[in-house]
Amino acid sequence: MSIWEKMLNVDRRWIFLLIGIACVVPFFTPLGLPILPSQEVISIYDYIEDLSTDNAMFVGFDFDPGTAAENMPMGVAVLRHAFARNVPVFITAYTPLGQGMAGMAIDELTNPATGDYFEYVNWDAWAEIRDQGFTERADIEEAWLAAGNTLPENARGWIFEGRDIAFLGYLPYFHLVILGMSSSIVSQFPTDVGGTPLEEMPMYQDHKSLRDIDLAVTTAGSSACVAWITYGREKIGLPIAFGVTAVMATDYYIYIQSGQIIGQMGGLRGAAEYETLLLDNDYCKNPGKAYIGMDVQNIAHLLIIFLVVLGNIAFFAGGFNKKTKLKGRR
Amino acid sequence: MTETIGLWVGAIFTIGIYSFLYKENPLYRLAEHLVVGISTGFGIAITYTQVLRPKLIEPLANGEQGAWLLLIPAILGLLYITRFFPSVGWLSRYPMAFLMGAGMGVGFPLSMKSLVLRQLEASLTPLYETGMAWDIVLGNIVLVLGTLAALIYFFFSKPHKGPFFGTGSKIGIWVIMVGFGATFGFTVMGRISLLIGRIQFLLGDWLHIIK
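Top to bottom, those sequences are chains L and A. For the first sequence, position 243 matches number 242 in numbering that gives the first Met the number 0, and the numbering has no gaps at all. For the second sequence, position 197 matches number 196 in numbering that gives the first Met the number 0, and the numbering has no gaps at all.
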């Protein structure tokens, strides 16, 4: 057996081991390679940057744990941006497991242990302020401060449940749910996942249907995002942004070109680009998981390119393009 | 305590799943079956608490006005279960027929518009306009010619010979290969991203040796 044939017959477990090492070592020796945000990610960032407390957006956690490594950082980054700008956010899920993912994202952003979080004020905690008739975001915060509350150290701000966030969760046949929400959100989600009536929420009073919504960001690990295009964009002209897995990214670039979506985060890189924008604009103190993972990604890609080139050299140098089959196991 | 147990369970099953890369083993099989079982169980629980209870059981139990109408979709839904009984299995075709008919009726016009007509419209772009940057012009030419060439490759009613069909289909296969290459690149990136996510969990959340 020639050297070339031995190379082509190498036990694939050695390659798995090499990839494993390439994915672990950079965590301990970060290279700090620059991450340059692409235009399709900047478009989403700029769009949210222009929103304020008078607007509202949907964030769809339309993925399962299988793609959480890619989709979760996107969802967390977009939520962080929206919370920091006090943009009211309705959170939905296309699948039952997506609801769990959304819950984890909210936990991550409201966990004091992270050192850079938002203080979550649940619905009952600010009942007295609502009873006094305050519904505007600035008035609510002023009344909350006047009530003797102080923002904890390391907290970026408050999230008032029902004014800044409504966790609507999962419903089956979500494409029909989107269609129904184009007439009325409350017809599909009478309550949030905690049982709080949507009609009592101040954020609902200003945004009763998808026609009153300014943006929907779907972080998807499946074709769920197409439902937002079909039933949200085409039906009522709702602006849509995608956060999709890398595998899906090439399939959905066409929607940018056709102007059906305002932008797209593709895979871990897309999430890292959004995190870079947040970091550069002081929306967070520390880099997120996607940002940290990009060094590892770069090294792993270099190794894979090297192996692909090596495999091709062995294939052609060994003359296997002219032979019907290899002598070894392949 | 609960969180620690969760971390350990997650870590053990992550290692169990990746142990398949060495060879198949009982821990991998256990993890694989648990993923399927727990996902299904979680889905059933969420569907019950989010859908069945508030939208069917409670309105019927509370005797809300017009709640009896909910019995129609409820009975249609229950007909799915007849699939398990061969003698009455044909009844399950009714809810399926309803769903397919309603789904087609609702989805077809919008899908046609958003997935086909909009894309067609986007492909009918002017190659050049006054003041257009050269890179945009080049992009438009590649877009239009690439789309046409790929379509010619999939046109099988004429032999792929001659200057139009022969050359067109050859360019088409190159365009398709470039598309496959880009998809493969993104797929590699995606798979590595998933591995990175698990390594961050193992080294960070579980072992606390990285941030």
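Where is the CB? At the ideal position from N, CA and C, for every residue including glycine. All figures in this text were calculated on a predicted structure; none of them were measured in a lab.
Here's the rule I'm using: 16 or more other beta-carbon atoms within 10 Å means buried, otherwise exposed. How should residue i be labelled?
i	result
VAL88 of chain L	buried
ARG117 of chain A	buried
PRO95 of chain L	buried
ASN54 of chain L	buried
TRP122 of chain L	buried
ARG329 of chain L	Interpretation of ARG329 of chain L is limited by its pLDDT of 47, a score under 50 that renders its predicted location unreliable; the figure taken from the coordinates is listed afterwards. ARG329 of chain L should be labelled exposed.
GLN199 of chain A	buried
PRO25 of chain L	buried
HIS32 of chain A	exposed
HIS206 of chain L	buried
PRO64 of chain L	buried
ALA126 of chain L	exposed
ASN61 of chain A	exposed
Starting from residue i, follow its DSSP beta bridges and name the residues at the other end.
i	result
ASP61 of chain L	L:ALA219
GLN263 of chain L	L:PHE241
GLU57 of chain A	Answer by DSSP bridge pairing: none, since GLU57 of chain A is not bridged.
LEU214 of chain L	L:MET56
GLU160 of chain L	L:ILE164
Which of the three DSSP states is assigned to residue i in this structure?
i	result
VAL295 of chain L	helix
ARG155 of chain L	strand
GLY15 of chain A	helix
TYR172 of chain L	coil
GLU141 of chain L	helix
LEU26 of chain A	helix
VAL105 of chain A	helix
PHE166 of chain L	strand
VAL120 of chain L	strand
GLU4 of chain L	helix
GLU233 of chain L	helix
ALA146 of chain L	coil
PRO29 of chain L	coil
GLN64 of chain A	coil
ILE45 of chain A	helix
ILE208 of chain A	coil
GLY5 of chain A	helix
LEU89 of chain A	Strictly speaking, residue 89 of chain A in this sequence is Trp, with Leu absent from that position. Of the three classes helix, strand and coil, the one that applies to TRP89 of chain A here is helix, per DSSP.
TRP13 of chain L	helix
SER38 of chain A	helix
ARG329 of chain L	Bear in mind that a pLDDT of 47 at ARG329 of chain L, under 50, signals an unreliable position, so the number given afterwards is only what the model happens to contain. Correct three-state label for ARG329 of chain L: coil.
GLU331 of chain L	Only positions 0 to 329 of chain L appear in this structure, which leaves residue 331 of chain L out of reach.
LYS288 of chain L	helix
ASN311 of chain L	helix
Could you tell me which whole alpha helix (DSSP H) segments of length 4 or greater appear in the segment 174-209 of chain L?
Within the segment 174-209 of chain L, the complete alpha helix (DSSP H) runs of at least 4 residues are 184-187, 201-205.
Beta strand (DSSP E) runs contained entirely in the segment 31-118 of chain L, provided each spans 3 or more residues
For the segment 31-118 of chain L, whole beta strand (DSSP E) runs of length 3 or above, ordered along the chain, are 56-61, 88-92.
Which residues of the segment 18-48 of chain A have a Cβ closer than 9 Å to any Cβ of chain L? Give them in chain order.
Answer in chain order: LEU20, TYR21, LYS22, VAL34, SER38, PHE41, GLY42, ILE43, ALA44, ILE45, THR46, THR48.
Looking at chain L, which residues of the segment 83-109 of chain A have a Cβ within less than 8 Å of any of its Cβ atoms?
Those would be VAL105, GLY106, LEU109, in chain order.
Can you pull out the residues from the segment 179-196 of chain A whose beta carbon lies closer than 7 Å to at least one beta carbon of chain L?
Cβ contacts with chain L come from ALA181, THR182, PHE185, THR186, VAL187, MET188, GLY189, ILE191, SER192, LEU193, LEU194, ILE195, GLY196.
Along the segment 205-239 of chain L, what residues have a CB closer than 8 Å to any CB found in chain A?
Look at the segment 205-239 of chain L: the residues with a C-beta under 8 Å from a C-beta of chain A are VAL225, ILE228, THR229, TYR230, ARG232, GLU233, LYS234.
Please give me, in chain order, every unbroken run of the alpha helix (DSSP H) with length at least 4 that falls completely inside the segment 99-185 of chain A.
Runs of the alpha helix (DSSP H) inside the segment 99-185 of chain A: 117-122, 133-152.
Scan the segment 161-179 of chain L for residues whose Cβ lies nearer than 9 Å to a Cβ of chain A and list them as they occur along the chain.
Listed in sequence order: GLY168, TYR169, LEU170, PRO171, TYR172, HIS174, LEU175, LEU178.
What are the residues of the segment 266-282 of chain L that lie near chain A, defined by any Cβ-Cβ distance shorter than 8 Å?
Taking 8 Å as the Cβ-Cβ cut-off against chain A, the residues of the segment 266-282 of chain L that qualify are GLY266, LEU267, ARG268.
Residues of the segment 80-108 of chain L with a CB closer than 8 Å to any CB of chain A: list them in chain order, please.
From the segment 80-108 of chain L, only THR94, PRO95, LEU96, GLN98, GLY99 have a Cβ closer than 8 Å to chain A.
Proximal residues, the segment 242-255 of chain L versus chain A, C-beta separation under 7 Å:
Here the close residues are THR244, ALA245, VAL246, ALA248, THR249, ILE253.
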